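Input: a single structure, listed below in structure tokens.
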Amino acid sequence: MRKSFQSATKTIRNLMTRKGVVFSVFFLGALSFLAIFADLLGFDYLTQNLIASLQPPSAEYWFGTDELGRDILSRVVYGTRTSLVTSAGAVTIAALLGVPIGLIAGFFGGWRDAVLMRVVDVMLALPAILFAMALIAILGKGQMAAMIAVGITGTPSFARITRAQVLSLRNRDFVTAVEAFGGSATYAMFRTILPNSWSPIVVQAIVLASVAILLEAALSFLGMGVAPPTPSWGEMLRTGKSYLYEAPYYAVLPGIILTLTILSFDTIGRAMTDLLEGRHDLGDHTSKDAEPTK
Amino acid sequence: MKSTGTNNLSHAVKKPDTDAVLSVRDLTVSFFTNGKQVPVVRAIDLDVFANEVHCIVGESGSGKSVTSLAVTGLLPVTATVSGSIRLNGIEVNKADDETLRNMRGRDVGFIFQDPATTLNPVMRVGRQITEGQVVHGLLAASDAPGRAAELLTEVDIADPQGRVTQYPHQFSGGMRQRAVIAMAMSGRPNLIVADEPTTALDVTVQAQVLSVLLQRQQALGSAIILITHDLGVVAEVADRVSVMYGGSIVESGTVQDIFDHPCHPYTAALLRSVPRIDAGDDRLETIPGQPPTPAELPSGCVFHPRCALGANKARCQTERPQLRGFGSGQMTACHFAEEMQPDRPAPPARAATQTRRADMKPLLEVDDIKVHFPVKKGILQRTVGWVRAVDGVSLRVHPGETVSLVGESGCGKTTFARAIMGLLDVNAGDVRFDGHSIVGLGRRAMRPVRRQMQYVFQDPYSSLNPVLSAADIVAEPMRLHGLFEDMGGDKRIAELFEMVGLSPSMMGKYPHEFSGGQKQRLGIARTLGLKPRLLILDEPVAALDVSIQAQILNLLQDIQRELDLGYLFISHNLSVVRHISDRVAVMYLGKLVEQGACDEIYENAAHPYTLSLLSAAPISNPGMRNQRARIILRGEIPNPASPPSGCRFHPRCFRATDICRAQAPELATQAGLKTTSICHHAGPLDPNEIALASQPKAEQ
Numbered sequence: 397m398r399k400s401f402q403s404a405t406k407t408i409r410n411l412m413t414r415k416g417v418v419f420s421v422f423f424l425g426a427l428s429f430l431a432i433f434a435d436l437l438g439f440d441y442l443t444q445n446l447i448a449s450l451q452p453p454s455a456e457y458w459f460g461t462d463e464l465g466r467d468i469l470s471r472v473v474y475g476t477r478t479s480l481v482t483s484a485g486a487v488t489i490a491a492l493l494g495v496p497i498g499l500i501a502g503f504f505g506g507w508r509d510a511v512l513m514r515v516v517d518v519m520l521a522l523p524a525i526l527f528a529m530a531l532i533a534i535l536g537k538g539q540m541a542a543m544i545a546v547g548i549t550g551t552p553s554f555a556r557i558t559r560a561q562v563l564s565l566r567n568r569d570f571v572t573a574v575e576a577f578g579g580s581a582t583y584a585m586f587r588t589i590l591p592n593s594w595s596p597i598v599v600q601a602i603v604l605a606s607v608a609i610l611l612e613a614a615l616s617f618l619g620m621g622v623a624p625p626t627p628s629w630g631e632m633l634r635t636g637k638s639y640l641y642e643a644p645y646y647a648v649l650p651g652i653i654l655t656l657t658i659l660s661f662d663t664i665g666r667a668m669t670d671l672l673e674g675r676h677d678l679g680d681h682t683s684k685d686a687e688p689t690k
Numbered sequence: 015m016k017s018t019g020t021n022n023l024s025h026a027v028k029k030p031d032t033d034a035v036l037s038v039r040d041l042t043v044s045f046f047t048n049g050k051q052v053p054v055v056r057a058i059d060l061d062v063f064a065n066e067v068h069c070i071v072g073e074s075g076s077g078k079s080v081t082s083l084a085v086t087g088l089l090p091v092t093a094t095v096s097g098s099i100r101l102n103g104i105e106v107n108k109a110d111d112e113t114l115r116n117m118r119g120r121d122v123g124f125i126f127q128d129p130a131t132t133l134n135p136v137m138r139v140g141r142q143i144t145e146g147q148v149v150h151g152l153l154a155a156s157d158a159p160g161r162a163a164e165l166l167t168e169v170d171i172a173d174p175q176g177r178v179t180q181y182p183h184q185f186s187g188g189m190r191q192r193a194v195i196a197m198a199m200s201g202r203p204n205l206i207v208a209d210e211p212t213t214a215l216d217v218t219v220q221a222q223v224l225s226v227l228l229q230r231q232q233a234l235g236s237a238i239i240l241i242t243h244d245l246g247v248v249a250e251v252a253d254r255v256s257v258m259y260g261g262s263i264v265e266s267g268t269v270q271d272i273f274d275h276p277c278h279p280y281t282a283a284l285l286r287s288v289p290r291i292d293a294g295d296d297r298l299e300t301i302p303g304q305p306p307t308p309a310e311l312p313s314g315c316v317f318h319p320r321c322a323l324g325a326n327k328a329r330c331q332t333e334r335p336q337l338r339g340f341g342s343g344q345m346t347a348c349h350f351a352e353e354m355q356p357d358r359p360a361p362p363a364r365a366a367t368q369t370r371r372a373d374m375k376p377l378l379e380v381d382d383i384k385v386h387f388p389v390k391k392g393i394l395q396r397t398v399g400w401v402r403a404v405d406g407v408s409l410r411v412h413p414g415e416t417v418s419l420v421g422e423s424g425c426g427k428t429t430f431a432r433a434i435m436g437l438l439d440v441n442a443g444d445v446r447f448d449g450h451s452i453v454g455l456g457r458r459a460m461r462p463v464r465r466q467m468q469y470v471f472q473d474p475y476s477s478l479n480p481v482l483s484a485a486d487i488v489a490e491p492m493r494l495h496g497l498f499e500d501m502g503g504d505k506r507i508a509e510l511f512e513m514v515g516l517s518p519s520m521m522g523k524y525p526h527e528f529s530g531g532q533k534q535r536l537g538i539a540r541t542l543g544l545k546p547r548l549l550i551l552d553e554p555v556a557a558l559d560v561s562i563q564a565q566i567l568n569l570l571q572d573i574q575r576e577l578d579l580g581y582l583f584i585s586h587n588l589s590v591v592r593h594i595s596d597r598v599a600v601m602y603l604g605k606l607v608e609q610g611a612c613d614e615i616y617e618n619a620a621h622p623y624t625l626s627l628l629s630a631a632p633i634s635n636p637g638m639r640n641q642r643a644r645i646i647l648r649g650e651i652p653n654p655a656s657p658p659s660g661c662r663f664h665p666r667c668f669r670a671t672d673i674c675r676a677q678a679p680e681l682a683t684q685a686g687l688k689t690t691s692i693c694h695h696a697g698p699l700d701p702n703e704i705a706l707a708s709q710p711k712a713e714q
């Protein structure tokens with residue numbers, strides 16, 4: 397009885413994960429498609445139609461209109477651009493800083509490790525949103541501040557994950573072999589260890605992408621994001637909040653899109669983690685050559 | 015640690031009692047993998063009687079471990095089991111969890127391969143070995159400590175009262191395995207299942223553990239199922255043997271019969287492919303091909319694709335042979351067992367060791383090198399001591415010569431090899447390659463040397479970069495040196511593939527698609543790309559199956575002959591070393607204790623450590639086991655951070671005297687001896703000595 401129950405829940409959980417992933421991929425794909433081809437598809441986020449301000453959703457305006465009579469759906473679609481670009485930029489910055497730090501710290505160890513990891517600890521101690529505000533004070537409003545802020549605060553996780561990978565691979569024979577052939581440290585790090593470490597790094601990138609979207613929305617919500625009239629989800633939430641009673645859809649619909657986007661990223665990230673761990677298990681059972689240990 | 019002494023590890027073959035302790039009929043186990051049922055054990059019959067050691071021998075994937083788990087109802091829920099397993103009259107296959115639990119506590123004991131993971135690290139050993147008994151209500155909790163001490167005494171653990179309250183990490187490897195034996199035997203079970211119980215242990219410790227296991231078994235009259243891939247161990251301890259291949263038992267019989275006149279071609283071929291410690295044979299016979307994987311079993315007889323007898327017989331390809339009686343008491347699963355050569359051919363005499371090498375200029379000269387690692391402690395990481403992993407070793411390797419370095423784990427073999435390769439810093443001494451010193455060279459200066467000196471790793475599973483294709487793996491060293499095109503590019507790769515016996519059509523595959531033996535061939539091909547003159551081989555066959563091991567050893571010998579390579583061969587396997595070496599150096603705790611020509615070391619050893627190693631190594635000849643006197647060393651290798659004073663071997667040595675404790679001996683060739691050794695009392699083994707050594711000595 398117990399066995400069948402266990403295997404049943406396992407199957408259900410697997411199925412759920414899979415469905416969730418399918419939905420997430422589809423959702424993010426559709427969103428990116430709309431954002432990329434917004435101009436061609438005829439979305440217009442700028443034209444004001446003051447007569448039709450704060451309209452509820454209708455056949456003409458699927459998501460309704462805002463206080464200036466602009467199409468909210470179009471603004472959501474263009475807002476996607478802001479979110480995705482910020483998030484891609486932040487992840488790139490974090491990966492470009494974090495991965496080499498992790499590689500060097502893990503590979504050489506000793507004082508390099510000590511120094512780099514303390515720097516990383518300092519980065520980790522920065523509260524992302526305050527740091528972003530400080531940057532905005534220096535750089536002015538815009539996507540850049542959010543990008544850099546999330547990029548810098550996201551660096552430690554990349555550095556740590558990479559370092560952990562390097563430490564587990566550093567003493568594997570195939571890395572020693574490269575040294576024995578006369579390969580340089582750079583070769584061993586970037587050509588041998590890094591290609592074997594991608595999976596957790598990619599998972600981390602996906603997780604950070606959703607953090608970046610959320611932080612960008614938060615900054616815009618506080619009025620420190622992209623300058624108007626460029627649309628942004630956070631900015632729409634902020635304005636929409638004032639009309640919550642007359643036009644609840646104004647804040648709610650962009651909010652739902654934001655939530656679904658973050659949920660999708662997280663779902664994919666988690667499924668990939670499962671897959672990576674699952675592959676381990678699978679490998680042990682079906683391994684063609686179960687070798688004798690020593 | 016009172017187990018010093020002679021012990022021939024053997025006992026007369028007993029007549030089986032009429033009632034089997036364990037009786038298995040038509041057992042089939044399959045796992046659901048990749049959408050289909052994969053049979054791992056296929057319709058086997060097995061009887062195990064009281065008072066006997068029944069060995070199940072087989073290569074990886076033969077189903078031997080799964081059989082042992084099935085017997086005790088320990089298989090995971092994903093396994094489908096059919097057939098009948100009767101243990102003490104209980105049908106295991108149909109028993110409920112409660113019955114099985116009781117059975118495991120009382121009737122069956124287990125000994126697993128790795129004692130380090132069998133014991134719970136946070137529970138005191140004494141409580142742990144009696145826990146099962148207490149839980150089953152067979153022992154009052156108040157009596158447990160006393161019983162635990164008694165059990166530890168029975169497995170020859172010194173100071174049992176003190177040891178009872180210790181944790182597993184305070185035990186050495188061999189003591190842990192003895193504690194596991196004590197635990198398995200605590201309920202006086204009539205069946206003990208031991209799955210590769212000594213595979214993780216060194217040869218001298220293996221001898222201790224096997225002797226304790228057999229002593230206890232004789233005292234309790236239990237039956238033992240011992241699963242192993244080591245034919246030497248089988249010859250030493252088995253009463254009866256079942257040989258498994260591809261999920262089936264292909265042959266079973268008494269140990270003497272199996273070794274003297276095997277009646278299945280697989281058994282016969284397996285026996286011929288094992289290098290022997292008691293005779294230097296020139297070339298090993300190999301079994302072609304790979305052991306089958308359970309998912310892709312050949313039709314008919316599973317062995318037919320590799321069988322010399324049945325290769326082109328239609329019956330073998332279509333009809334699966336059943337186990338049938340053969341001769342007196344033997345069973346075989348071969349259609350044509352009657353056609354087999356009755357006798358195992360005598361191993362061909364080995365060509366005399368080449369002496370011409372000695373007057374050539376040596377390729378590698380190592381002079382008194384030392385590799386010490388600092389031991390750091392405290393917040394400030396101050397160096398509080400040094401681990402003397404290699405402490406003054408000198409060695410020569412000539413072109414075309416194989417020099418073997420033998421020793422137990424922790425003696426510094428691998429450190430020594432890696433220091434020569436420049437992968438570790440050398441603290442003192444000199445290493446010269448082709449006459450030029452290479453110690454302390456920078457990465458750039460070292461590069462031209464690295465071309466000529468290559469390293470083959472022990473574990474083919476971890477030494478190949480999993481994200482590179484086979485061709486890229488072999489090409490990598492040449493590319494690193496910018497010589498890929500000069501060396502002939504893809505043509506050179508194909509050439510190397512053929513040289514190591516791999517088909518060039520496999521060039522595009524990735525490491526996980528290769529079997530263990532094929533991976534090791536790739537590892538060898540990779541080192542040959544740059545046309546090296548010296549190969550350092552670090553246990554190159556230790557992770558491989560017996561039949562594959564023979565293929566790789568032959569390959570190494572062929573390549574050496576063809577390219578006149580010098581080999582520094584590192585191994586703990588004395589049989590393999592005897593087979594492949596020209597000269598042998600024995601290492602103990604960072605020092606070479608004895609070196610000499612291969613046959614001299616095996617026949618005229620003078621150092622007590624070498625003598626003990628040789629006597630502890632199992633010999634694949636069951637007839638020898640009653641005649642052989644055995645020195646069982648006490649204890650294990652001491653901590654190299656604080657080696658014993660004087661001669662490093664004295665705490666374990668049967669010849670130790672006061673001078674050994676006070677003064678370290680010098681390396682010398684003593685008059686009348688054929689090897690060079692460091693010992694105050696070097697000399698051949700005197701039969702009286704064994705009797706002397708058998709007397710228990712005071713604990714050190």
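Residue numbers (the numbering used here), protein chains in the order written: chain A, 397 to 690; chain B, 15 to 714.
All C-beta atoms, glycine included, are put in the ideal place defined by N, C-alpha and C.
In this text the structure is predicted, and so the values were computed from the model without any measurement.
- Straight-line measurement puts the Cα of GLU415 (chain B) at about 11 angstroms from the Cα of MET374 (chain B).
- Counting along the chain, the unbroken alpha helix (DSSP H) around LEU285 (chain B) starts and ends at 279–287.
- The CB of LEU478 (chain B) comes closer than 9 angstroms to the CB of ASP569, PHE570, ALA573 in chain A, given here in chain order.
- At a beta-carbon threshold of 7 angstroms, the residues of chain A lying near PHE471 (chain B) are ASP569, ALA573, ordered along the chain.
- With contacts defined as CB atoms closer than 8 angstroms, PRO335 (chain B) and HIS593 (chain B) fail to qualify as a contacting pair.
- If you check each beta-carbon in the segment 378–394 of chain B against every beta-carbon of chain A, none falls closer than 8 angstroms.
- GLN451 (chain A) carries a coil assignment under DSSP once its states are collapsed to helix, strand and coil.
- Residue-level contact by beta carbon holds for PRO491 (chain B) and chain A, with a gap shorter than 8 angstroms.
- A distance below 8 angstroms separates the beta carbons of ALA545 (chain A) and ALA524 (chain A).
- Within the same chain, and ignoring the five residues on either side of VAL223 (chain B) in sequence, the residues whose Cβ sits closer than 8 angstroms to its Cβ are GLY188, GLN191, ARG192, ILE195, PRO211, THR212, LEU215.
- For TYR583 (chain A), at least one C-beta of chain B is nearer than 8 angstroms to its own C-beta.
- Contact residues of the segment 441–461 of chain B toward chain A are ARG457, MET460, ARG461 (C-beta to C-beta distance below 8 angstroms).
- For ARG338 (chain B), the CB contacts under 7 angstroms within the same chain, skipping 5 residues up- and downstream, are MET345, THR346 in chain order.
- With contacts defined by Cβ atoms closer than 8 angstroms, THR81 (chain B) and ILE104 (chain B) do not form a contacting pair.
- One finds nothing in chain B with a Cβ atom closer than 9 angstroms to the Cβ of PHE661 (chain A); even the nearest lies about 26 angstroms away.
- For ARG338 (chain B), the enclosing beta strand (DSSP E) has its first and last residue at 338–340.
- For PHE504 (chain A), the CB contacts under 8 angstroms within the same chain, skipping 5 residues up- and downstream, are ALA581 in chain order.
- Interface with chain A (8 angstroms Cβ-Cβ cutoff): VAL481 (chain B) is included.
- For the pair GLY424 (chain B) and ILE651 (chain B), the CB atoms are nearer than the 8 angstroms cut-off.
- Taking C-beta atoms as the reference points, THR690 (chain B) and ALA682 (chain B) count as a pair closer than 8 angstroms.
- Using beta-carbon distances, SER454 (chain A) does not count as an interface residue toward chain B, since no partner is under 8 angstroms.
- As a beta-bridge residue in DSSP terms, SER418 (chain B) pairs with B:PHE583, B:VAL598.
- In the DSSP assignment, HIS450 (chain B) forms a beta bridge with B:PHE447.
- Under DSSP, GLN344 (chain B) shares a beta bridge with B:PHE340.
- Membership of ASP569 (chain A) in the alpha helix (DSSP H) is indicated by the continuous run 569–577.
- Counting every other CB atom within 10 Å of its CB across the protein chains shown gives GLU499 (chain B) a total below 16, marking it as exposed.
- Ranked by Cα distance from GLU379 (chain B), the first of B:ASP444, B:ASN635, B:VAL514, B:ARG464 is B:ASP444.
- Taking a contact as a CB-CB distance under 8 angstroms, the pair GLY260 (chain B) and VAL316 (chain B) counts as one, their CB atoms being some 3 angstroms apart.
- The Cβ neighbour count for ASP382 (chain B), taken over all protein chains shown within 10 Å, is under 16; the residue is labelled exposed.
- CA-CA distance, PHE471 (chain B) to ARG662 (chain B), rounds to 29 angstroms.
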